[in-house]
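If you're matching positions, the sequence shown starts at 30 in the working numbering and goes up one per residue.
Below is one structure, written out as structure tokens, with a few remarks after it.
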Amino acid sequence: MSKCNGGLHFLRVISSRSSSEAPDAQEVVRWCAACGAVVIDLDIDGRTAPGAIFKMAFPQATKTLYGGLKA
């Protein structure tokens with residue numbers, strides 16, 4: 030897990046939807062309220078493949094909202 034201001038990201042689930050990867054797979058969008066980082070994981074059978082759909086990124090919009098943090 031990546032670091033967030035000296036600690037681990039506290040990721041909140043923003044949304045999830047079924048994935049075509051497997052019958053029980055979910056594409057899950059997670060967001061860190063502390064730094065604005067966004068990641069889309071693939072959850073299969075209760076396990077998470079971190080960043081399988083979209084690697085952690087720090088979008089410009091969240092950089093602006095959260096103090097201009099650098100990725």
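Beta carbons: idealized from backbone N, C-alpha and C, even for Gly.
How big is the Cα-Cα spacing for residue i and residue j?
i, j, result
"Ala-86", "Gln-55", "20 Å"
"Leu-98", "Asp-74", "In this prediction, Leu-98 has a pLDDT of 47, which is less than 50 and means its spatial position is unreliable; nothing more can be read from the coordinates."
"Arg-59", "Ala-51", "20 Å"
"Phe-83", "Val-42", "14 Å"
"His-38", "Ala-78", "16 Å"
"Arg-46", "Arg-76", "15 Å"
"Ser-49", "Cys-61", "26 Å"
"Ser-44", "Asp-72", "12 Å"
With C-beta atoms as the reference, is residue i less than 8 Å away from residue j?
i, j, result
"Asp-70", "Ala-81", "yes"
Just mark residue i as buried or exposed, buried being the case when its beta carbon has 16 or more other beta carbons within 10 Å.
i, result
"Asp-53", "exposed"
"Val-68", "buried"
"Leu-40", "buried"
"Gly-36", "exposed"
"Ala-66", "buried"
Just checking residue i against the ligand MG - is the residue's beta carbon closer than 7 Å to any of the ligand's heavy atoms?
i, result
"Pro-88", "Because no ligand of any kind appears in the structure shown, any question about the ligand MG cannot be addressed here."
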